[in-house]
Amino acid sequence: DSSSSNRNAGSTPRRKVQEDNAATDAATDVLLNYVRREMDAYLSQAQKAAREEVNDNNSRRRRNEKSGGTVRTTKKKTSTASSSTSWRREASKPTQNRKMGSAIVHRRR
Numbered sequence: 211d212s213s214s215s216n217r218n219a220g221s222t223p224r225r226k227v228q229e230d231n232a233a234t235d236a237a238t239d240v241l242l243n244y245v246r247r248e249m250d251a252y253l254s255q256a257q258k259a260a261r262e263e264v265n266d267n268n269s270r271r272r273r274n275e276k277s278g279g280t281v282r283t284t285k286k287k288t289s290t291a292s293s294s295t296s297w298r299r300e301a302s303k304p305t306q307n308r309k310m311g312s313a314i315v316h317r318r319r
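So for the sequence shown, our numbering puts the first residue at 211; every next one is plus one.
Put into C-alpha cells, the structure is as follows:
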C-alpha cells in the first residue's frame, strides 16, 4: 500500500475522495439531526413554560374575581426565553419594584 501511495503522491484516488465525502455527509447528517432534536426540545419546553405562565395568571385573576377583590396586573414584556427561565425573572424583581415604588407613591398622592 505504501508503494502505491508513493506512486500517486500528488493526487488522491477518486474512490478515496468519494468515500471521504460520504463519511463527511454522514457525520453532517448526524450533527444536524442532533441539533434539530435539541432545538425542538428547547422550543417545546419554552412554549410549555409560556403556556403555564398564562394559565397561572388566568387562574389567579379568576380566583380573585370570585372572591370579589380586584387584581392589579402589571403589563410586562415577556419573551419565550425569559418565561422559560423563572430564575432570571426572580432576579430582576427587586430592582423593578424599587424603580416602580416612587411612581406608585406619586400616583397615590
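A virtual CB, placed ideally from N, CA and C, is assigned to each residue, including glycine. Just so we're clear, the structure is a prediction, and the values are computed from it rather than from any experiment.
Quick one: give me the first and last residue of the alpha helix (DSSP H) that Thr-234 is part of. Here the question's residue 234 lines up with position 24 in the sequence shown. Here the alpha helix (DSSP H) through Thr-234 covers 224-276.
Output the distance between the C-alpha atoms of Ala-230 and Asn-268, rounded to the nearest integer angstrom. Here residue 230 refers to the residue found at position 20 when the sequence shown is read from its first residue. Here residue 268 refers to the residue found at position 58 when the sequence shown is read from its first residue. According to the sequence displayed, residue 230 carries Asp and not Ala. The alpha-carbon atoms of Asp-230 and Asn-268 are separated by roughly 57 Å.
What's the gap between the Cα of Asp-235 and the Cα of Ala-260? What you label residue 235 is simply residue 25 of the sequence shown in a count that begins at 1. What you label residue 260 is simply residue 50 of the sequence shown in a count that begins at 1. Going from the Cα of Asp-235 to the Cα of Ala-260 covers about 37 Å.
Straight-line Cα distance separating Arg-270 from Gly-278: Residue numbering aside, residue 278 sits at position 68 when the sequence shown is read from its first letter. Residue numbering aside, residue 270 sits at position 60 when the sequence shown is read from its first letter. Looking at the two C-alpha atoms, the distance is approximately 12 Å.
What separation, rounded to the nearest whole angstrom, lies between the Cα atoms of Asn-232 and Asn-265? On the sequence shown, residue 232 is found 22 positions in, with the first residue counted as 1. On the sequence shown, residue 265 is found 55 positions in, with the first residue counted as 1. Position check: residue 232 holds Ala in this sequence, whereas Asn was assumed. Roughly 49 Å separates the two Cα atoms.
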